[in-house]
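Following: one structure in structure tokens, then a few remarks.
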Amino acid sequence: AYVMDSVRPSRWHPERPGRWVAEQEWPSSNVKVEAIELIAEGAKPAIVATPQSCGLAGGEYFPFTFGPELPGDQRPDDALSVCFDRPVLDRAIDIVGAPELLVRVASDRPQANIAVRLCDVHPDGASELISYGVLNLTHRKSHEFPEAIVPGESVSARVVLDQCAY
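In this note's numbering, the protein residues as written are 985 to 1150.
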């Protein structure tokens, strides 16, 4: 896999610095899953009412080249979103694979969507998109048998983000 280095957000990169990594066997003892708590137990729930214009900084769905179709600085979308930030890391980590978010949510409607972005936030606030995932919450248990949400009832969901190496 080609693990991309952290760079400033830009809609176009003439090249992308990084490095190739490989494992001799799979599963590898070098690969670890890390669970991260985004909010403290008992914290007040966040109210989400995201405008439809959120996501415009996301770039093309499947960019063909490193042309101007890449995701730009995510700050405009961050301003329209509920964000959960971690403290600055004390060590570099590689994120390789499909990150997942386990979430408990309630909706005021029987159908709702959740969109998740994983970003690298630079010291000056610039926000580089690493990966994202979207889930229609009626499909939280099964894509084959969608199930409406009972308005006001809390449900659990797993949002799988796109594969990445960062």
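We treat Cβ as the ideally placed atom computed from N, Cα and C, and that holds for glycine.
Three-state class that DSSP yields for residue i in the structure shown
i: R1101; result: strand
i: L1040; result: helix
i: L1064; result: coil
i: R1151; result: It is not possible to answer for residue 1151, since the shown part of the chain is limited to 985 through 1150.
i: R1059; result: helix
Integer-rounded CB distance, given that residue j should sit under 8 Å from residue i
i: S1115; j: P1083; result: 6 Å
i: L1145; j: V1089; result: Between V1089 and L1145 the Cβ distance is about 16 Å, and since that is not below 8 Å, they are no contact.
i: S990; j: G1056; result: Not a contact, Cβ separation roughly 16 Å.
i: A1141; j: L1119; result: 6 Å
i: P1094; j: A1132; result: 4 Å
i: R992; j: H1106; result: 7 Å
C-beta contact flag for residue i and residue j at 8 Å
i: R1059; j: G1109; result: yes
i: D1061; j: G1043; result: no
i: V1005; j: A985; result: yes
i: P1151; j: L1073; result: Only positions 985 to 1150 of the chain appear in this structure, which leaves residue 1151 out of reach.
i: L1121; j: I1098; result: yes
i: A996; j: P1052; result: It is worth fixing the name first, because residue 996 is Trp in this sequence and not Ala. Their beta carbons are under 8 Å apart, which means W996 touches P1052 by this criterion.
i: I1020; j: R1075; result: no
i: V1015; j: R1003; result: no
Assigned exposure category for residue i - 16 Cβ within 10 Å defines buried
i: S1091; result: buried
i: I1077; result: exposed
i: L1086; result: exposed
i: A1096; result: buried
i: R1124; result: buried
i: L1054; result: buried
i: A1041; result: buried
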